[in-house]
Amino acid sequence: MASRSRSLRLVERSGSEVSSGVLVHVDPRSLLVHPGNLRTDLGDLTELEASIAANGVVQALTLIPDADGYRILAGHRRAAAAVAVLDSGRWPENLPATVPGVVRADLADAAASQVAVMLVENDADQRTPLTVCEQAAGYAQLAAFDLDAAEIGRRLGKTVAHVEAVMRLGRMTATVRAHADAGRLSLEDVAELAEFDDDPKAMDRILKDAGSPWGIRHRIVDERRRRSDAKAEQSLRAELADAGVAVVAKPKGWPYQCAAAAATSLIDPATGVRLDPDAVRTDERFATFIDTACSPPAAVVICRDPDAAGFKRTAYSSYESPEKLAAKEAARVAAKVRLQALTDAARTRHRFLAETYGSAKAAKVLFVDALRAVVEDPDVVDRGSTHLVTALAGGNVTATAGAKLDRLSRLLVARWVAGLEDNLAMTAESGRGWRRDPVTALAWLDRLVAAGYELAEAEVQFRDELAAMVAADAEEETVDVADVG
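Every letter in the sequence shown is one number past the one before it in UniProt numbering, and letter 100, counting from 1, is 100.
Quick look at the structure:
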C-alpha cells in the first residue's frame with residue numbers, strides 16, 4: 001500500500017505545480033481534446049449526462065500538461081458529457097463546476113506511451129463489470145434509503161424500467177439469479193419468469209439443466225401453455241357444472257372400442273337428423289368428458305350407450321383387439337401432442353431466425369445458398385409464412401421498386417428461409433411427399449443448431465425422425481441401383 005501511495009501522490013495543486021500523478025480539479029470546458037484520441041465516436045451520452053447531473057464526475061480523467069492548460073488522454077466521453085451538463089444548466093448545485101483529473105506529466109513527451117495508456121483505458125477487457133445480481137444488491141441498498149425506482153434511475157442515469165427489472169431480479173430465487181449472472185437469462189426473460197413465482201414446480205421445470213437462453217424460452221412457452229390449459233379446464237368444468245351437465249372420465253378405449261359415442265356422430269332414426277350436442281348434453285343418456293389431449297381442452301358430449309338409446313352410429317367403429325385400439329389412440333394423442341409441441345417450438349425458432357438473420361448484414365451469410373436454391377428450383381421461395389418473411393425482411397416485402405442489391409438480397413433470403421420453414425412444418429405434419437423434403441428439412445435444422453439455436457425436445461425427436469427417413473431413402477436407393485446393375 002505504501003508504494004502505491006507514493007506512486008500516485010494524489011494531492012490537489014494548481015495547474016502550474018502539477019507533476020506525474022497529481023490530482024487536479026478543472027473546468028471541463030477548458031480541457032483540450034487529444035489529437036490522437038482513439039475513440040472516434042463518443043456514442044450516446046444520455047445516461048452518462050444523467051449520472052453527472054445527479055452526482056458530478058466521480059471517476060477522474062487522465063490528463064497531460066499542455067502549454068495552454070491540460071489535454072485529455074483518457075476520459076473524452078466524461079468530459080463531453082460534463083460540458084453538456086454545464087451548458088444545459090443541469091450541474092449539481094452542491095458541487096463545484098469542475099471535473100477531477102490525474103495529471104501524467106511523465107507522459108507529456110511520450111507519444112507511444114500516450115497511445116498505450118489510451119488503449120488500456122478504453123479496453124473493456126481491463127474492467128470487470130458488476131454482475132446483474134450485484135447491481136440488484138446495490139439497487140436494494142439504495143431502496144433501503146427510501147429511494148424509489150425513479151429516483152434511483154435519476155441518480156444512476158438509468159431508465160425506470162431498467163431499475164425495476166433489476167430490482168425484480170433481486171427478489172427472485174437464488175437459482176434464477178444464478179442463471180441471470182451466467183448469461184442464460186436476460187432481464188426480459190426474468191420478467192417473463194416472474195409470472196411463475198407462485199408455482200415453484202413450474203419454475204424448477206423451466207430452469208432444470210438449462211443450457212442456454214433459448215432452452216429456457218422454450219420451457220417458458222411450454223409452461224405458459226400448461227398453465228393456460230389448466231385454467232381453461234378448470235373454467236370449463238365450472239361452466240359444465242353450472243349447466244347441470246354430468247362430467248365423466250374419458251371412456252376406456254375411446255373412441256373406437258367402447259359403448260359410448262360422440263353425440264356429433266349419432267343420428268336420430270326418427271327424424272334422420274344428426275344430434276345437437278348442446279341440446280342433449282343434460283339428457284341422462286348423455287355425459288361429457290373433457291379432452292385434455294388438445295390445447296385448449298375441449299368438452300366432448302357422448303351418448304353412454306347409443307345402441308340401447310336407439311341412435312344410429314355414423315363414425316367408424318372397429319372390433320380390433322383392445323391392445324391395438326389403445327395403441328392407435330396413443331399414437332393419435334402422441335401425434336397431436338407432438339404437432340402442438342412442434343408448433344410451440346416454431347414460435348421460438350422464428351424468434352431466433354428474426355434475431356439472427358433479420359438484418360441486411362446477417363442475411364448476407366445466407367444469400368449465396370438462397371440464390372443457388374432459387375436457381376435450382378424457383379418454387380422454393382413461392383411458399384411460407386408472410387408474417388415470417390416480414391419479420392426477417394422488415395417493412396413492406398412487396399415494395400421492390402427502387403430497392404438496391406442489399407434490400408433485394410435480404411428479401412430473397414427472407415423468402416427462402418420462410419420456404420425452408422414451410423417445408424419443415426409440412427414434413428413434420430405429413431412426412432415425405434410433394435413439397436415435403438426430409439433431406440432439406442434435416443439440413444436446415446442442423447444449420448440452425450450450428451448457428452447457435454437450441455432445439456426443443458420435440459424438435460430433437462423430429463430431427464431423429466428426419467435422419468431415419470433420409471437413411472431409409474438412401475438404403476432404398478442403394479437397393480434399386482443394385483437391382484438395375
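Cβ coordinates follow ideal geometry from the N, Cα and C atoms, glycine included. This structure is a prediction, so every number in the text was calculated from the model and none was measured.
9 Å Cβ cutoff met for residue i and residue j
i: Ala-330; j: Ile-302; result: no
i: Arg-410; j: Gly-394; result: yes
i: Leu-86; j: Gly-75; result: no
i: Ala-418; j: Thr-427; result: no
i: Val-389; j: Ala-414; result: yes
i: Phe-289; j: Val-280; result: no
i: Ala-144; j: Leu-169; result: no
i: Pro-251; j: Ala-238; result: no
i: Ala-174; j: Val-190; result: no
i: Ala-263; j: Pro-277; result: yes
i: Ala-456; j: Gly-215; result: yes
i: Asp-146; j: Asp-222; result: no
i: Gly-211; j: Glu-454; result: yes
i: Leu-63; j: Leu-31; result: yes
i: Glu-233; j: Pro-297; result: yes
Bridge-paired residues (DSSP) for residue i
i: His-25; result: Pro-100
i: Val-413; result: Val-413 is not bridged to any residue.
i: Cys-303; result: Ala-261 and Phe-286
i: Tyr-70; result: Pro-65
i: residue 490; result: The requested residue 490 does not occur in the structure, where the chain is confined to residues 1 to 485.
i: Gly-433; result: Arg-436
i: Leu-266; result: Arg-313
i: Arg-168; result: DSSP, once it has assigned bridges, lists no residue as partnering Arg-168.
i: Leu-32; result: Arg-71
i: Arg-274; result: Ile-267
i: Val-247; result: Thr-288
With 16 other Cβ atoms within 10 Å as the buried cut-off, status of residue i
i: Lys-158; result: buried
i: Ala-53; result: buried
i: Arg-217; result: buried
i: Ala-67; result: exposed
i: Trp-416; result: buried
i: Glu-355; result: exposed
i: Tyr-316; result: exposed
i: Leu-353; result: buried
i: Pro-255; result: buried
i: Pro-438; result: buried
i: Arg-171; result: exposed
i: Glu-49; result: buried
i: Ala-471; result: exposed
i: Ala-401; result: exposed
i: Asp-382; result: exposed
i: Thr-398; result: exposed
i: Ser-19; result: Because the pLDDT of Ser-19 is 42, which lies under 50, any placement of that residue in the model is unreliable, and the question is left without a value.
i: Ala-403; result: exposed
i: Ser-88; result: exposed
i: Ala-149; result: buried
i: Tyr-319; result: Per-residue confidence for Tyr-319 stands at a pLDDT of 39, beneath the threshold of 50, marking its modelled position as unreliable; no derived number is given.
Spatially closest choice to residue i from the options, by CA coordinates
i: Ala-84; options: Asn-94, Arg-71 and Val-99; result: Val-99
i: Val-26; options: Glu-49, Pro-65 and Asp-41; result: Pro-65
i: Arg-224; options: Lys-252, Glu-195 and Asp-209; result: Glu-195
i: Glu-188; options: Met-167, Lys-208, Ala-309 and Asp-199; result: Met-167
i: Ala-243; options: Gly-452, Ala-298, Asp-283 and Lys-231; result: Asp-283
i: Val-176; options: Met-203, Arg-155 and Ala-150; result: Met-203
i: Ala-360; options: Arg-347, Val-248 and Leu-408; result: Leu-408
i: Pro-96; options: Thr-348, Ala-82, Thr-398 and Val-102; result: Ala-82
i: Val-103; options: Glu-476, Tyr-70 and Val-300; result: Tyr-70
i: Pro-35; options: Leu-448, Ser-51 and Leu-73; result: Leu-73
i: Pro-306; options: Val-375, Pro-269, Ala-149 and Asp-148; result: Pro-269
i: Leu-412; options: Arg-372, Ala-246 and Cys-133; result: Arg-372
i: Leu-405; options: Thr-131, Leu-392 and Lys-364; result: Lys-364
i: Gly-452; options: Arg-349, Gly-101, Ala-335 and Leu-42; result: Arg-349
i: Asp-422; options: Thr-386, Ala-450 and Gln-257; result: Thr-386
i: Leu-275; options: Met-469, Phe-462, Val-247 and Thr-314; result: Thr-314
i: Gly-153; options: Ala-299, Asp-197, Gln-461 and Ser-51; result: Ser-51
i: Phe-462; options: Arg-351, Val-337 and Glu-477; result: Val-337
Expected contact under 8 Å - CB spacing of residue i and residue j to nearest Å
i: Arg-78; j: Val-57; result: 6 Å
i: Glu-459; j: Leu-445; result: 7 Å
i: Val-160; j: Tyr-139; result: Rounded, the Cβ-Cβ distance is 12 Å, inconsistent with contact.
i: Leu-107; j: Ala-80; result: Not a contact, Cβ separation roughly 21 Å.
i: Pro-213; j: Ser-235; result: That pair is no contact at about 33 Å.
i: Ala-346; j: Ala-425; result: 7 Å
i: residue 544; j: Ser-295; result: Residue numbering for the chain in the displayed model covers 1 to 485; residue 544 lies beyond these limits and cannot be assessed.
i: Ile-206; j: Arg-219; result: 4 Å
C-beta neighbour in chain C for residue i, strict 9 Å
i: Leu-424; result: No chain C is part of this structure, which consists of one protein chain only.
Any non-hydrogen atom of the ligand GDP within 8 Å of residue i CB
i: Ala-330; result: Absent from the structure shown: the ligand GDP. Ligands present: none.
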